[in-house]
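S.K.: Residue numbers (the working numbering): 845 to 1120. In this text, a Cβ means the ideal position worked out from N, Cα and C, and glycines have one as well. Mind having a look at this structure? Questions to follow.
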Ligand SMILES: [Zn+2]
Ligand SMILES: [Zn+2]
């Protein structure tokens, strides 16, 4: 494993199983040099996974204290995974922002495309008349909000729709409509200079055998000179670097020779992937 940083992890402040300290310690033990927690931003509708807004200040206080406790030997960052349906007003309070789409905005309590294959299938049926391409187009259109939010550095789990597709095929990623909507979103994200995350979270949850986005999109990103980073989206300390070797190998096979890493200055810098 060459990757030295993981910026996408959850804790007991949202739907993660372990404390922030436990997650960060696990990263240090896994030989990373730095890590960040990415709090799920509070949502304006009923859900059981995002942080409640009353917990945000406590999270910020705890992370400030953990930064001191870990010190210079292991750099700690206070991040947020901003869902595009959340209020972006407070994004300046965090060291970095991952921008993600989890719900399709088709009604007052929007259905999730990240929860279970059954919920995603029900959403396609109920709101798109069974037309998976139309649901995919809605998802990719939502990603335009990630592209247009200047405080977002990283696009989280691009192509999330394929999370369940290995075990329960709901979308056809080769359909022209799917590809066209994905290209439009990717164009906007790369034009805005966003770093595209290679997410290994579905491997640790048993949904996928490979990271995503898949090779098709990664080759597109490489061809256009776009930037990527690897993160685990871990919800427990056992999975902080799960799939990192596979993600590195996938990136190299798609033409990448580096990943991006956040430095203490706040800027993202390239780190060579080296020989694998
Ligand atoms: Zn997410
Ligand atoms: Zn996440």
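To which residues of the same chain is residue 981 closer than 6 Å at the C-beta, ignoring the five residues directly before and after it?
M.R.: Here the set comprises 1025.
S.K.: Anyone know if the C-beta pair for residue 1016 and residue 976 falls short of 8 Å?
M.R.: Cβ distance < 8 Å, so residue 1016 and residue 976 count as in contact.
S.K.: Going along the chain, which residues of its own chain have a beta-carbon closer than 6 Å to the beta-carbon of residue 1046, five neighbours each way excluded?
M.R.: Here the set comprises 1007, 1052.
S.K.: Just verifying my parser: in three-state terms, what is the DSSP assignment at residue 1120?
M.R.: In this prediction, residue 1120 scores a pLDDT of 42, lower than 50, which makes its location untrustworthy; the coordinate-derived value is nonetheless stated afterwards. Residue 1120: coil per DSSP, three-state reduction.
S.K.: With a cut-off of 7 Å, give the chain-ordered residues whose Cβ is closer than this to any heavy atom of ligand 2.
M.R.: After applying the 7 Å Cβ criterion, the set is 852, 854, 882, 884, 925, 944, 1000, 1045, 1077.
S.K.: Can you confirm whether the stretch 1085-1099 touches the stretch 1024-1044 when touching is taken to mean that 3 or more C-beta pairs between the two stretches lie within less than 8 Å?
M.R.: Touching, yes.
S.K.: Less than 7 Å separating the Cβ of residue 946 from some heavy atom of ligand 1?
M.R.: Under cutoff, so the answer is yes.
S.K.: Determine whether the beta carbon atoms of residue 925 and residue 897 lie at a separation below 8 Å.
M.R.: Contact: no.
S.K.: For residue 999, write down the residues that DSSP places opposite it in a beta bridge.
M.R.: BP columns for residue 999 point to 943, 1040.
S.K.: Where does residue 1002 land, buried or exposed, given buried means 16+ other C-beta within 10 angstroms?
M.R.: That one is buried.
S.K.: Near residue 910, what residues of its chain come up, given a Cβ to Cβ distance below 7 Å and the 5 sequence neighbours on each side ignored?
M.R.: So the qualifying residues of the chain are 864, 865, 868, 920.
S.K.: Here's the rule I'm using: 16 or more other beta-carbon atoms within 10 Å means buried, otherwise exposed. How should residue 912 be labelled?
M.R.: Residue 912 is exposed by the Cβ-count criterion.
S.K.: Identify, in the order they occur along the chain, each residue of the same chain with its Cβ nearer than 7 Å to the Cβ of residue 850, setting aside the five sequence neighbours on each side.
M.R.: Closer than 7 Å at the Cβ level, and outside the excluded window around residue 850, lie 871, 876, 879, 1075, 1076, 1084, 1085.
S.K.: Let me check you understand the geometry: is the CB of residue 958 closer than 7 Å to at least one non-hydrogen atom of ligand 1?
M.R.: Yes; taking the cut-off as 7 Å, the Cβ of residue 958 has a heavy atom of ligand 1 nearer than that.
S.K.: From this set, 916, 1056, 950, which residue's C-alpha is nearest residue 1108's C-alpha?
M.R.: Minimum Cα distance to residue 1108 is reached at 916.
S.K.: For residue 1062 and residue 1018, what's the separation of their Cα atoms in angstroms?
M.R.: Using only the alpha carbons, I get a separation of about 15 Å.
S.K.: DSSP three-state call for residue 879: helix, strand or coil?
M.R.: Reduced to three states, the DSSP call for residue 879 is strand.
S.K.: Would you mind working out which of 1091, 1099, 971, 1111 sits nearest residue 1037, comparing C-alpha positions?
M.R.: Residue 1037 has its Cα closest to that of 1111, out of 1091, 1099, 971, 1111.
S.K.: Using only the alpha-carbon positions, how far apart do residue 1120 and residue 1035 sit?
M.R.: Note on residue 1120: pLDDT 42, under 50, position unreliable in the model; the coordinate value appears next. So the two alpha carbons sit approximately 30 Å from each other.
S.K.: Since residue 927 contacts residue 887 with CB under 8 Å, what's their CB separation in whole angstroms?
M.R.: Sure, about 6 Å apart at Cβ, within 8 Å.
S.K.: Quick one: Cα of residue 899 to Cα of residue 885, how far?
M.R.: Distance between the alpha carbons of residue 899 and residue 885: 10 Å.
S.K.: Return the CA-CA distance between residue 1054 and residue 1065, expressed in angstroms with no decimal places.
M.R.: Their Cα atoms are separated by approximately 18 Å.
S.K.: Sorted by chain position, which residues of the same chain lie with C-beta nearer than 7 Å to residue 1106's C-beta, five sequence neighbours on each side aside?
M.R.: Excluding positions up to five away in sequence, the list reads 849, 851, 921, 940, 1112.
S.K.: Restricting to Cα atoms, I'd like to know which of 951, 950, 985, 991 is closest to residue 943.
M.R.: Selected option, being the one with the closest Cα: 991.
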